[in-house]
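Following my numbering, the numbering of the sequence shown begins with 591 at its first residue and continues without gaps.
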Amino acid sequence: MKLHPLILAGLLLAPASESIAAEPARPPYNVLFIAIDDLNDWVGAFGGAPQKKSATPNLDRFAKNGSVVFQQANCAGPVCGPSRSALLSGFMPHRSGVYGNSHNMRGSELVKTHLTLPEYFSKHGYHTLSNGKIFHKHPADEGHWAFDQWDDSAGGSGSRPDPERITSRRQNLLNGKPIPRPEVKREGLKAGDADGTEFSWGPTKGPKEDSKDWKAAEWAAAALAKPAEKPFFMALGISKPHLPFYVPQEYFDRHPLESITLPEFRLDDLSDIVDGKGRTTEKPSSDFQWVQQDPRLHKGAVQAYLAATSYADDCIGHVLAALERSPNRDNTIVVIWGDHGWHLGEKLRFRKATLWAESTRVPLIIRMPGMKTQQDSPRVVNLMDLFPTLIDACGLPAKPEIDGRSITPLLRDPQKLWPHVSITVMGPGNASVRDERWYFIRYKDGTEEFYDMLGDPMQWTNLATSKDPEIQTQMKRLAASFPATFAPEVPQNQGGRAEKQELAGKPDPTIRPARLAAQLK
């Protein structure tokens, strides 16, 4: 018997012993979908931070008052673009060919023929609306085309740094005083070179109310205050704690420098990662080598990340408080997720874009209507599971062609046995596969890493060359889940920096009509 979508949604959290007749029909669930850029597991509910004081009281409170906290959630790609493109399209990077931030998912032949997550909800009667970063942004393409209503909040002085109080790798300053710039012989870089977004931090001049993320949060709060005429899918993107760590002074004050505890790291950590000829393949990143020049720098970077995280937490708390006052409170699914992790010295590096757990593990919190207490799930899941989970929970038709699987069984029973692995892809030929205990990394040059996450959660001891029969058995088992093929890379964004800057913030209005006319699946 095929259940009506409304009945299916109403039964999602019902114990198996309850009769179907006992559950009254519900209106369709709404979805509040909150993405946080570069947030790692330093959320109190996840226990990843070395600090005693949580930087995220609002997220912690939300989790405690009724959510499933997925303690072993992972991303599909350890960089913004591939992670978000995979989640929102439903296709893993090795299938779509979206491996880097310069790869627009609309260039994928696979993605071109399918609806994205918000488009799928729109097709099935939902009003979809968005503010902030949900899709990874490209010139003239900010993912605006995927929503019925798209807004973008521009920040004022609250988003601009105070030039007198910035710590910047590029400026080579610590509170206005010069710091020696070491030479770092790795891929031709010096420690002061820009290799991506500037590794910079400091307090901003203006109040939080004038900052971009706060304005986006206010937009969401205002939208939630209105009665919904039809079910909605609301996506809110929070950009912090993405670099640069510029947030108001009040957030730095919450984390005094003298209270900062650094994450654990070992200076010989990378010595056991070797290729087939026994040569080490990894070195400390230039950012890490730079902060080692002065003890204040590493603590300053951690302080700034915590400050940016607390700022993001306040923005989200503002939205969650609005939801509590909203007429939509009791009928809204809330999903809060980070797009990938972030290193703060672990594995001798900062930033993301690695296949180690610090980069692949993400915060994921889901609240279904009716949940009253926090429940932690130790099961391994992936952000790829969100697309099939949300359409399942909302009673929409399944999409069997997409990757991932519905984790609604874990929303009913977070401890349920879940014999699935999680895969993360970082460019053609490079991937990690993990289950609840074992973590296998394989690179296209043949280098391998294998870790026991139960006994070695910091991934300090590479077991890939172990002769232990148990290790060999587990490696063989996980190896069967590595992608067998990798799709060719989609074309990169064209044009120089000036052209890209000219197109930034100018979304192309022709994309959405073309996709609507294409009758995508």
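Using N, Cα and C, we set each Cβ at its ideal position, and we do this for glycine too.
Where does residue i land, buried or exposed, given buried means 16+ other C-beta within 10 angstroms?
i     : result
A1104 : exposed
K937  : buried
Q1005 : exposed
Q661  : buried
Q1049 : buried
Q964  : buried
T706  : buried
E777  : In this prediction, E777 scores a pLDDT of 35, lower than 50, which makes its location untrustworthy; the coordinate-derived value is nonetheless stated afterwards. Exposed, since its Cβ has fewer than 16 Cβ neighbours within 10 Å.
K816  : exposed
K867  : exposed
Q893  : buried
S607  : With a pLDDT of only 33 at S607, under the threshold of 50, the placement of this residue in the model should not be trusted; the figure read from the coordinates follows. With fewer than 16 Cβ atoms within 10 Å of its Cβ, S607 is classed as exposed.
P683  : buried
P1059 : exposed
K654  : exposed
Pick helix, strand or coil for residue i, following the three-state DSSP scheme.
i     : result
I906  : helix
Q1062 : helix
T871  : coil
W927  : strand
H704  : coil
T998  : helix
M974  : helix
H717  : strand
V658  : strand
I955  : strand
V669  : coil
D966  : strand
W735  : helix
F711  : helix
F1076 : coil
N921  : helix
L629  : coil
P683  : helix
Taking the continuous beta strand (DSSP E) assigned at residue i, which residues delimit it?
i     : result
N1020 : Taken as a continuous stretch (DSSP letters only), N1020 belongs to no beta strand (DSSP E), as it is neither H nor E.
Y836  : 835-838
P793  : 790-794
A1104 : Run containing A1104: none in the beta strand (DSSP E); it sits in the alpha helix (DSSP H), 1101-1107.
A943  : Premise fails: A943 is in no beta strand (DSSP E) and is neither H nor E.
A625  : 620-626
Once the 5 residues before and after residue i are set aside, which same chain residues still bring their CB inside 7 angstroms of it?
i     : result
T870  : L860, S861, I863, V864
F681  : L700, V701, I992, D993
F1072 : A1021, V1023, R1032
V1011 : V970, V1023, R1024, D1025, L1068, S1071
Near residue i, which residues of its chain fall below 6 angstroms by C-beta distance, leaving aside the five closest residues on each side in sequence?
i     : result
A639  : W632
F623  : A825, V925
Y1033 : N1020
L913  : L814, R919
G928  : I626, L629, V952, P953
T1037 : D865, T871
Step through the CB atoms of chain C and report whether any lies within less than 9 angstroms of the CB of residue i.
i    : result
P834 : Chain labels in this structure do not include chain C; a single protein chain is all it has.
Output the boundary residues of the alpha helix (DSSP H) element that contains residue i.
i    : result
D741 : Careful: D741 lies outside any alpha helix (DSSP H), inside the beta strand (DSSP E) at 739-741.
F878 : 876-881
S644 : Unbroken run through S644: none, as it is neither H nor E.
Within the same chain, show all residues whose beta-carbon is closer than 8 angstroms to that of residue i, passing over the 5 residues directly before and after it, in chain order.
i     : result
K1057 : none
Completely contained beta strand (DSSP E) runs for the segment 1005-1057, where each covers 3 or more residues: Here the runs fully enclosed are 1012-1015, 1021-1024, 1028-1032, 1038-1042.
Complete alpha helix (DSSP H) runs within the segment 796-865 (minimum length 4 residues, chain order): Listed in chain order, the complete alpha helix (DSSP H) runs (minimum 4 residues) inside the segment 796-865 are 802-814, 839-843.
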